[in-house]
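Chemist:
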Amino acid sequence: MRLAVTTYSASQWTIDEHARVAREIGCHGLEIRMLAGQPLTPDLPAAERRRIAEVVADSGLEICVVGSDCRLAQPEAPRASEVERTAGFIELAREWGAPVVRVFGGAQSADAPPAEADAWVAEGLRAAAVYAEPHGVRVALETHDVFNSAVRVGGIVRATAHPSAAVVWDLGHPHRAGESVAEAWAAIGPFVVHVHVKDIVRTDDEREWESVLAGQGEVPIAEMLSVLRIAGYDGYLSTEWEPRDARTGGGRKAALAQHAAYLRGILDAA
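Under my numbering, the first residue of the sequence shown is numbered 244, with each subsequent residue one higher.
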């Protein structure tokens, strides 16, 4: 298993800052989502695409995931538009040599039964996967938002019945949904191609959660890494740092370095 950071963890940094910090804290990959305060888009100018690739390569890193904001839990016409946008991210991933494009299920329409929303996501994911296959890219649905259940996401990916459809396992969200590591892995294990690592605690408002440094919260990170190691997972562990209050102060670089050191400690001990 190799370490990475998502640029979402410090969304205001430039690609130069992200590459420098990732290298300094011992990471091997970058997950590109936001740069200099702007979300990544598939219409990024060619010169900027080349520059990002050059900065990452010159730093001895690789782009492990292209983090799209595409959301597939929509009726036919808007879903088709999101699939088209996903195709643009797939082409960007191919250009950068990134093996994975991340997508979301998104918000479920209030008047759509869960089974119908799941079918919409599966249809969109399959269409994207069909487009991605000849490009050597996999399209991975993240355990996130209303699709935070690994059991639900696993069912959707199975319904796509396509080898280029995959999963980004963000354990924090299934944990919030009440799923154990074992339950989550049983549901999505065969499809996991990328992993987000975060730690969280409940706030004073028990309906809300807040990011904390790795090992200081409620997420069973060590158990997740043990399951991944036993299963032979050899992909990336990507730190996702999302603090919203002063309790998690100390600076973003320091937080990312702490996560990397914590993960290396568990991996070395194993």
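Glycine included, every Cβ here is placed at the ideal spot set by N, Cα and C.
1. Roughly how many angstroms lie between the CA atoms of GLY348 and VAL309, to the nearest whole one?
2. Compute the distance between the beta-carbons of GLU338 and ARG292, then report whether it is under 9 Å.
3. So THR386 and ALA393 are in contact, right, with Cβ under 8 Å, and what is the actual spacing, rounded?
4. By Cβ distance, which residues of its chain are closer than 7 Å to ILE268, with the 5 residues on each side in sequence left out?
5. According to DSSP, is TYR479 helix, strand or coil?
6. So if DSSP puts THR249 in a beta bridge, which residue, or which two residues, is it bridged to?
7. So SER311 is in the alpha helix (DSSP H); what residue range does that whole segment cover?
8. Determine the DSSP secondary structure at HIS437, reduced to helix, strand or coil.
9. Judging by CA-CA distance, which residue of ALA408, TRP484, ALA372 and LEU471 is the nearest neighbour of GLY432?
10. Are three or more beta carbon pairs between the segment 468 to 486 and the segment 244 to 257 nearer than 8 Å?
11. Please go through the segment 350 to 426 and give each complete alpha helix (DSSP H) segment of 4 or more residues, from N-terminal end onward.
12. Are THR329 and VAL344 closer than 9 Å when you measure CB to CB?
13. Quick check on GLU260: does DSSP put it in helix, strand or coil?
14. Distance check for ASP511 and ARG322, CA to CA, integer angstroms please.
15. For a quick check, are the C-beta atoms of ILE509 and ALA465 less than 9 Å apart?
16. If you draw a straight line from the C-alpha of THR257 to the C-alpha of GLU305, how long is it?
17. Sort out for me which residues DSSP pairs VAL343 with in a bridge.
18. Run through DSSP, which three-state label would ALA489 get?
19. With a threshold of 16 other CB atoms inside 10 Å of the CB of ILE473, please say whether the residue is buried or exposed.
20. In whole angstroms, give me the CA-to-CA distance for SER302 and PRO356.
21. State the start and end residues of the unbroken beta strand (DSSP E) segment that holds SER454.
22. Can you tell me the Cα-Cα spacing of SER454 and GLU483, whole angstroms?
23. Grab me the residues of VAL436's own chain with a C-beta within less than 8 Å of its C-beta, minus the 5 sequence neighbours each way, in chain order.
24. Who are GLN281's beta bridge partners in DSSP?
25. So, with DSSP's three-state summary, where would you put ASP448?
Modeler: To lay it out plainly:
1. Going from the Cα of GLY348 to the Cα of VAL309 covers about 16 Å.
2. yes
3. So it is a contact: roughly 5 Å between Cβ atoms.
4. LEU499, ALA500 and ALA503
5. Of the three classes helix, strand and coil, the one that applies to TYR479 here is strand, per DSSP.
6. GLU274
7. From DSSP, SER311 is part of no alpha helix (DSSP H) but of the beta strand (DSSP E) over 305 to 314.
8. strand
9. The residue with the shortest Cα to Cα distance from GLY432 is LEU471.
10. yes
11. 357 to 375, 393 to 403 and 415 to 419
12. Their beta carbons are under 9 Å apart, which means THR329 touches VAL344 by this criterion.
13. It is helical.
14. C-alpha separation (whole angstroms): 44 Å.
15. yes
16. 16 Å
17. VAL308 and ARG381
18. Only weak support is given to the placement of ALA489: the predicted model assigns it a pLDDT of 43, under 50, and the question is left unresolved by the model.
19. exposed
20. It is roughly 47 Å from the alpha-carbon of SER302 to the alpha-carbon of PRO356.
21. 452 to 455
22. 9 Å
23. So the list reads PRO342, VAL343, ARG381, ALA383, ALA409, VAL410, VAL411 and GLY478, once near-sequence residues are dropped.
24. LEU278
25. coil
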